[in-house]
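Take the sequence shown: its position 63, counting from 1, is numbered 75 in my numbering, and each next residue is one higher. We put the CB at the ideal spot given by N, CA and C, even for glycine. It should be emphasised that the depicted structure is a prediction, and the values quoted were computed from it without experimental measurement.
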Amino acid sequence: MGRTAILLASGALFAPVIVSASTVEAPRTLYQVNMELRDGDRLVGSPRLKVAAGATSNVDIGDAAGNRYTLAFSVTPRSAQTALFKSTIDVVAKGNRQNKAPSLEVALGKPATIAFGEDSATAKPFRVDLTISKAD
Numbered sequence: 013m014g015r016t017a018i019l020l021a022s023g024a025l026f027a028p029v030i031v032s033a034s035t036v037e038a039p040r041t042l043y044q045v046n047m048e049l050r051d052g053d054r055l056v057g058s059p060r061l062k063v064a065a066g067a068t069s070n071v072d073i074g075d076a077a078g079n080r081y082t083l084a085f086s087v088t089p090r091s092a093q094t095a096l097f098k099s100t101i102d103v104v105a106k107g108n109r110q111n112k113a114p115s116l117e118v119a120l121g122k123p124a125t126i127a128f129g130e131d132s133a134t135a136k137p138f139r140v141d142l143t144i145s146k147a148d
């Protein structure tokens, strides 16, 4: 939001003259962020958000079993075709807690994945599948 200053000045005939000046901020770039959060093979949530460049956005998902998935992130332009996805992810599931702070440069409109945790025959990692594009 710009600031507006109102100045009072006197004209040649001592009549008050109102002069208005304002500054205009450049509009922030908006991004559409589509995500799928998966705990192993289980889909936990599919948030779809419009976010302003550089602003921090939050996703918090809990379930009846007491699992909680919290994601705070920002999207910052890097070039006309890429953006930096910077996040903090906190997962409390099955009595275990994992906290990570991954950053990833993402090509706009192309799928990307962040994954962490055990990957074995009996366990699959926590995963965030995301696509970022410029919002209309």
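Contact check for Val118 and Ala95: beta-carbon distance about 6 Å, within the 8 Å limit, so the pair qualifies. In the DSSP assignment, the residues bridged to Leu42 are Ala64. The shortest C-alpha to C-alpha distance from Lys112 to any of Ala124, Ile144, Phe128, Arg40 is the one to Phe128. Secondary structure at Thr134: coil, using DSSP grouped into helix, strand and coil. In the DSSP assignment, Leu96 falls within the unbroken beta strand (DSSP E) covering 94-105. In this structure, the CA atom of Thr125 is about 23 Å from the CA atom of Thr41.
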